[in-house]
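S.K.: Let me begin by handing over the structure; questions about it come next.
Protein chains in written order, with my numbering: chain A, 1 to 864; chain B, 1 to 480.
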């Protein structure tokens, strides 16, 4: 009996001690460790954690009770071991909450689940029917379906979410971002529930900061810089000049009644104000019947810079002088309590790269801000936070002059922002953990306070102090939007999806390799479908360099190269991100908010590679084509003598081989690549296109042909079943993505976001291909093309019908939505080309108009 | 050399002329001249005309089809024997077709390539003999035959001899069928009787813009049926790859088409001898886990998805060669590799017509299954089929007869058959799609798959017809 008991006890002990270690590992993770441990690791750990807690369903407290049970029924020998163990490993503090419900989906839900599980808090995921198999549901401890796919009926449906909170017994709710995160009504309803905490600011704070005009007024009162301006009746041009002088030049003048940017005039000096005043006045009276004129400081090329903050009040037992409190546990009854608002301000984030107010690239810290300006900004932020008694995480957004000299309050976001990871990367602080502790009334975690509050700092110093940080982090938002099709959302399954590794080496020629940390916050995995119901965000890709900005940029660029996203029925914006990263002005940090309008006035046509890069691509293409052929085709198959086999192999491996690489298919730009005997030194020669061969003058052509450049390839690792090839070209290590060959051997290579179709041909093939006719470009003006991939449901017209503009032509179903395609012109239907019931791909011809009547309006447009 | 002997006496001259060395030297000279002439085909002007059309000559095509410098030509100088209608003056070495053998990625293959520059590539008695010769050789050693067709048709001057030539080729096509793979690449006009030889080969490909196939041309059509139609609309690539299903694929130009043929040959065995099945070493592990499969097939039985995504996930290197991609796309037929071994894949594609079986898809798949069976290629069947396509058109078109072809093909196939039901298999179509009752070797169903006579809703409507109240009783555990 004794023996048996002992064995059982030993078993129990080992399992429980393992559990303790695990807990400890997570609890004691210092900021530094959080940063250096890979995202994957955190992932696995949190998953493992989730499994443990769900399978055992206990908190450490109950583990302790388990110990006691064993204790009472076992030998003194084992008692000794157990007691030492208990001395060494302090039990972690109890979890802040019993159950955390995340009122969100996608990557942010996963992000919150990760931290919650690390803190031993079980989680509840809510989801719509279409999300029932998504990652946030899989990783949460439990999940509740709250409605149909449409977000107004599910994630935005307050009643359903509140029901989910009640039915699961969650005692905390994290709203994430978007959806209900800045809805004061939702926060209020949660506050009114018994013992449920809202992980965010109070409803009053949300309301105060939610209204743009009101928040500006509050900010001004709190001593925050707001854009100087005037809004009222002016009597004379002189008065206008006076106001303009007070506001400071340049100023923007417009009729106050006019909305938006309408009738906006910018004046750089007094004379311009005098000239503009009558125009403005006349406009105000004539068009808006409102004499008031609006004058505001005009900020040219402003930067969008924001301060992340974490504020929390805590019942404390010491004086509220900012001296840290050492006792991490809830204080005992009877002690004197102080309510103290603690505020941590994090280094600023620059989010100026925006497209139609949608941020694309965010980084921290900004290159623009001087320490003095930053300190001033932080002082004002703290003042604002105290004014509205703001708790939890929040962000104050500013517009900053492009010389960094001055800043103006824009608005305050009362939620955890999309771009919070950049702040986490450079400071090592887990903002979600901060939100959890603050909401639980524990205040800001002590180790985070310790980062800032050190002995010997004066109050004045502390006020403008930022959380210490090192290095530089950049985040790119990866959207399922096709920049080549005017950023149309792409919806469909992710056929291939591979995230970049958590740590990558970057190298530039002649310098030693440096490491970059990569964090990917994603909410999807391979095979899953991006639907049109929600935000098309695939993931957030964050690159962190402990050294400087340029390395963080290089790291992000390489991470983009390593990020495999295929499918979706369309493109994604990785190529656009790459192109922005390649812009010299971005690399300089010259990034005003109109960066994209300035650099892409006519939209985006894909990354354009330089001459050298094209040569490198052709060399890589030649090698990949050759290698793929080798791996697949050798040894030669049957019926050939051994001698011949050997001959083939030897010849291929040891002789200099010349191939022609056509970039962009058979009729694209051709390069002749001589693969050296050592398989390392390549000679690349640009071949002149066939069509222009005769037209161009001879001398010029010779110059071009003579120009041969050398490219060295030190290493190339690629297996045909992989997507990514690692290659060292001219001493620089880079990654390219290689697509699957089509039947004619054409495959695509992606490098620096540019997708290049590669056709590797023998010189003989290339010689003969000059006789081939280039495929004729189909004249689409007379055709109706399918605007999206889908199924042709029906035709509303038949051949020979006369149609008028706007008449329904056919229905194409895509993603369960029936889209009616209407005629954009009047004419006669020539031919119905599609087959009803069959699938159509994007740009497939559905219908042809009779060619006799050519309308002027020839664009067919999609109306739903 | 006879010029140089002019000053000599007649007897000496005769002696020199009859000297074996002189005779042989003359012969050698003539031979090299004839060879040079044969290599030039129809001459410079016709060659450049062919090039301006965007086409290659017969020999250029062969040089691209085979590994460099491996083509060995046969019967280079063989000429026709016709003496009618002035044909005796038409001296044509090679007689409009280039035949021979060579290596395709190291494996031997036989090919003929019709030369449009020589008498329009028309088929004569000797032309046919040359083709028959290499087909016989290919059959003897067991190697594939590739025909590059570019011919104006029968050589009318030869009359029935030419027709006999066609029939000789047809007979070889049939004899070779199921013994060695036969591939036709129609690279130019192909009309009348000429269409049948390519149609009887295993695979037929076309080249866009330059090739068309029809039994009777637009002129005859106009006289007989009064229909006005262009060559392209009557028998161009868009017709045969999409509507008629005659051609198994089309490529943009000659070079692309020949590259594709080389790739296709890599999948095929050289003959029906099992040992000739090609295998290519791959580093794609058979244990590779494929996470995408968890999500690619939607739970909702009515949501379409592209079965090709599933195929590309499960085969080596995501690489497969689709046969007839644009015709009856509710079924996918493709060659691919698994662990380096060629497999034939037959899969319903819910993207079109919900993946159901109709006349087109049944015949398409039946022919593919029979080819695989003949050449020892294992068949992987991916099933997501709601049944046969209902409709008057289908019934009147003989869906019963055509559906039976697929059933027959699967039932007679003795190659390894692996079947995976990805989502649903209903009714008779379940039986047809390589069910285990048709000697399927391994039949799997993915989690969530439904195998039934029909969908639950339809079944309830039939079983509980007129006794709806029983449904409620039944749920309470009361027998009905």
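Each residue gets a CB set at the ideal place from its N, CA and C atoms; glycine is no exception.
Kindly identify the DSSP beta-bridge partner or partners of residue 189 of chain B.
M.R.: DSSP lists B:212 as partners of residue 189 of chain B.
S.K.: Using the Cα positions of residue 161 of chain A and residue 419 of chain B, report the straight-line distance between them to the nearest angstrom.
M.R.: Roughly 44 Å between the two C-alpha positions.
S.K.: Are the region 85-100 of chain B and the region 780-799 of chain A touching, with three or more C-beta to C-beta distances below 8 Å?
M.R.: Result no; under three Cβ-Cβ pairs closer than 8 Å.
S.K.: Out of curiosity, what's the CA-to-CA distance linking residue 352 of chain B and residue 91 of chain B?
M.R.: Rounded to whole angstroms, residue 352 of chain B to residue 91 of chain B spans 54 Å at the Cα level.
S.K.: Take residue 116 of chain A and list the residues in its own chain whose beta-carbon comes closer than 6 Å to its own, dropping the five residues that flank it on each side.
M.R.: Excluding positions up to five away in sequence, the list reads 100, 123.
S.K.: Can you tell me whether DSSP reads residue 831 of chain A as helix, strand or coil?
M.R.: DSSP places residue 831 of chain A in strand when its eight states are reduced to three.
S.K.: Run through chain A and tell me which residues come within less than 8 Å of residue 54 of chain B, C-beta to C-beta.
M.R.: Correct list: 771, 772, 773.
S.K.: Return the residue from the list B:140, B:466, B:84, B:456 that minimises the CA-CA distance to residue 272 of chain B.
M.R.: When only C-alpha atoms are compared, the closest one is B:140.
S.K.: Output, in sequence order along the chain, the residues in the region 740-774 of chain A whose CB is closer than 7 Å to any CB in chain C.
M.R.: In the structure shown, chain C cannot be found, because the protein chains are A and B.
S.K.: Run the CB neighbour count on residue 164 of chain B, radius 10 Å, all protein chains shown included, and call it buried at 16 or more, exposed below.
M.R.: With fewer than 16 Cβ atoms within 10 Å of its Cβ, residue 164 of chain B is classed as exposed.
S.K.: If the cut is a Cβ gap below 8 Å, which residues of chain B does residue 526 of chain A touch?
M.R.: Within 8 Å Cβ-Cβ: 291, 292, 295.
S.K.: Exposed or buried, what is residue 286 of chain B when buried is set at 16 or more other beta-carbons lying within 10 Å of its beta-carbon?
M.R.: Under this definition residue 286 of chain B is an exposed residue.
S.K.: Quick check on the DSSP output: the beta strand (DSSP E) that includes residue 127 of chain B runs from which residue to which?
M.R.: Here residue 127 of chain B belongs to no beta strand (DSSP E); instead the alpha helix (DSSP H) covers 125-141.
S.K.: For a contact meaning CB atoms closer than 8 Å, what does residue 450 of chain B contact in chain A?
M.R.: Those do not exist, as residue 450 of chain B stays about 18 Å from chain A at its closest Cβ, beyond 8 Å.
S.K.: Give me the subset of the region 147-160 of chain A whose CB atoms are less than 9 Å from a CB atom of chain B, sorted by chain position.
M.R.: Hits within the stretch: zero.
S.K.: Pick out whichever of A:593, A:671, A:555 has its Cα sitting closest to the Cα of residue 611 of chain A.
M.R.: Comparing Cα positions, the closest option is A:671.
S.K.: Where residue 859 of chain A and residue 845 of chain A are concerned, what is the direct C-alpha to C-alpha distance, given to the nearest angstrom?
M.R.: Caution is warranted here: a pLDDT of 41 is assigned to residue 859 of chain A, below 50, making its placement in the model unreliable, and no coordinate value can be reported.
S.K.: How would you write the range of the beta strand (DSSP E) that residue 515 of chain A sits in, first residue to last?
M.R.: From DSSP, the beta strand (DSSP E) with residue 515 of chain A extends over 514-522.
S.K.: Assess contact between the region 172-183 of chain B and the region 217-228 of chain B, defined as three or more Cβ pairs (one per stretch) separated by less than 8 Å. Is contact present?
M.R.: Touching, no.
S.K.: Could you name the residues that DSSP lists as bridge partners for residue 682 of chain A?
M.R.: DSSP, once it has assigned bridges, lists A:675, A:711 as partnering residue 682 of chain A.
S.K.: Rounded to whole angstroms, what is the Cα-Cα separation between residue 75 of chain B and residue 31 of chain B?
M.R.: So the alpha carbons of these two residues sit roughly 13 Å apart.
S.K.: Over what stretch of residues does the beta strand (DSSP E) that includes residue 230 of chain A continue unbroken?
M.R.: That run of the beta strand (DSSP E) goes 229-232.
S.K.: Would you check if the distance between the CB atom of residue 346 of chain B and the CB atom of residue 365 of chain B is smaller than 8 Å?
M.R.: Yes, these two residues count as a Cβ contact at 8 Å.
S.K.: Going along the chain, which residues of the region 817-842 of chain A sit with their C-beta nearer than 7 Å to a C-beta in chain B?
M.R.: Going along the region 817-842 of chain A in chain order, one finds 837, 838, 839 with a Cβ nearer than 7 Å to chain B.
S.K.: Tell me the rounded alpha-carbon separation between residue 345 of chain A and residue 312 of chain A.
M.R.: So the two alpha carbons sit approximately 12 Å from each other.
S.K.: Pull out every residue of the region 481-495 of chain A whose Cβ sits closer than 8 Å to any Cβ of chain B, in chain order.
M.R.: Residues passing the 8 Å Cβ filter: 493, 494, 495.
S.K.: Between residue 66 of chain B and the rest of its own chain, which residues show a CB-CB distance below 8 Å, the 5 nearest in sequence each way excluded?
M.R.: Answer for residue 66 of chain B: 102, 103, 104, 109, 111, listed in chain order.
S.K.: Whose Cβ in chain A lies nearer than 9 Å to the Cβ of residue 352 of chain B?
M.R.: Within chain A, the residues near residue 352 of chain B are 791, 835, 837, 838, 839.
S.K.: With 16 as the cutoff for other CB atoms within 10 Å, does residue 504 of chain A come out buried or exposed?
M.R.: By the neighbour-count rule (16 or more Cβ atoms within 10 Å), residue 504 of chain A is buried.
S.K.: Whole angstroms are fine: how far does the CA of residue 455 of chain B sit from the CA of residue 411 of chain A?
M.R.: Looking at the two C-alpha atoms, the distance is approximately 56 Å.
S.K.: Enumerate in chain order the residues of its own chain whose CB-to-CB distance from residue 388 of chain B is below 8 Å, with the five nearest sequence positions on each side excluded.
M.R.: Result list for residue 388 of chain B: 356, 357, 358, 394, 399, 403, 427, 428, 429, in chain order.
S.K.: From residue 584 of chain A to residue 556 of chain A, what does the alpha carbon distance come to, in whole angstroms?
M.R.: In a straight line, the C-alpha of residue 584 of chain A is about 15 Å away from that of residue 556 of chain A.
S.K.: How do the region 177-190 of chain A and the region 376-385 of chain A stand: do at least 3 beta-carbon pairs fall below 8 Å, yes or no?
M.R.: Not touching, per the Cβ criterion.
S.K.: So with Cβ pairs under 8 Å, would you call residue 133 of chain A a contact of chain B?
M.R.: Yes, residue 133 of chain A lies at the interface with chain B (some Cβ there is under 8 Å from its Cβ).
S.K.: Checking the sheet assignment: what are the DSSP bridge partners for residue 951 of chain A?
M.R.: No statement about residue 951 of chain A is possible, as the shown extent of chain A runs from 1 to 864 and does not include it.
S.K.: Give me the DSSP bridge partner(s) of residue 314 of chain A.
M.R.: BP columns for residue 314 of chain A point to A:340.
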